[in-house]
């Protein structure tokens, strides 16, 4: 009887060992629990990161704040992260080529996650005499990308800025 109870506890502990842990409300995913996390959450935003990456380090506190807010609101969206240097098989499976790479999984669909590409916006090089007026002019004319998706979030930037034509 005692052996059976211990066996049940051991099996339960092993099963639970693959459940995602949380750091600052962000699910920590590994190859062993990735599928389970996708099945458990209707919407999952996953950051593939490298611990040494400066952009990843800068993103981490804001990502954690967003995760906390979504969790507190009872949102169906959960934020997660994968250390791509440790979980290279997962990174390769999802085409991670740089850090951070953020993918949005919907309804457990692993075949076609949507990739966040906001990090890849082009850059504009300043050329000319460095004066206050020239710098301000450059900033004003380059604060929005040439092509931007029109959404509820981008509308104030598009219509509320000082630039009236592009």
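In the working numbering, the protein residues as written are 1221 to 1386.
Glycine is no exception: its CB is placed at the ideal position from the N, C-alpha and C atoms.
These figures come from a predicted structure and were not determined experimentally.
- prompt: What is the residue span of the beta strand (DSSP E) that residue 1277 lies within?
  reply: Residue 1277 sits at position 57 when you count from the first residue of the chain shown. Residue 1277 -> not in any beta strand (DSSP E); alpha helix (DSSP H) instead, spanning 1274-1292.
- request: Throw me the rounded Cβ distance for the residue 1256 and residue 1239 pair, which I believe falls under 8 angstroms.
  value: Counted from its first residue, the chain shown places residue 1256 at position 36. Counted from its first residue, the chain shown places residue 1239 at position 19. Indeed they touch by this definition, with Cβ atoms about 7 angstroms apart.
query: Of the choices 1375, 1327 and 1278, whose alpha-carbon is the least far from that of residue 1267?
result: Along the chain shown, read from residue 1 onward, the residue named residue 1267 stands at position 47. Ranking the options by Cα distance to residue 1267, first place goes to 1278.
- request: Could you tell me which of 1320, 1314 and 1300 sits nearest to residue 1265, measuring between CA atoms?
  value: If you number the chain shown from 1, residue 1265 lands on position 45. Here the closest residue by C-alpha is 1300.
query: In terms of alpha-carbon separation, which member of 1250, 1242 and 1372 lies closest to residue 1308?
result: Numbered from its first residue, the chain shown carries residue 1308 at position 88. The shortest Cα separation from residue 1308 among 1250, 1242 and 1372 belongs to 1250.
- prompt: Does any C-beta atom of chain C lie closer than 8 angstroms to the C-beta of residue 1373?
  reply: Protein chain content of the structure displayed is limited to a single chain, and chain C is not contained in it.
- request: Can you give me the start and stop residues for the alpha helix (DSSP H) that residue 1329 sits inside?
  value: Within the chain shown, numbered from 1, the residue matching residue 1329 stands at position 109. Where residue 1329 is concerned, there is no enclosing alpha helix (DSSP H), because DSSP gives it neither an H nor an E.
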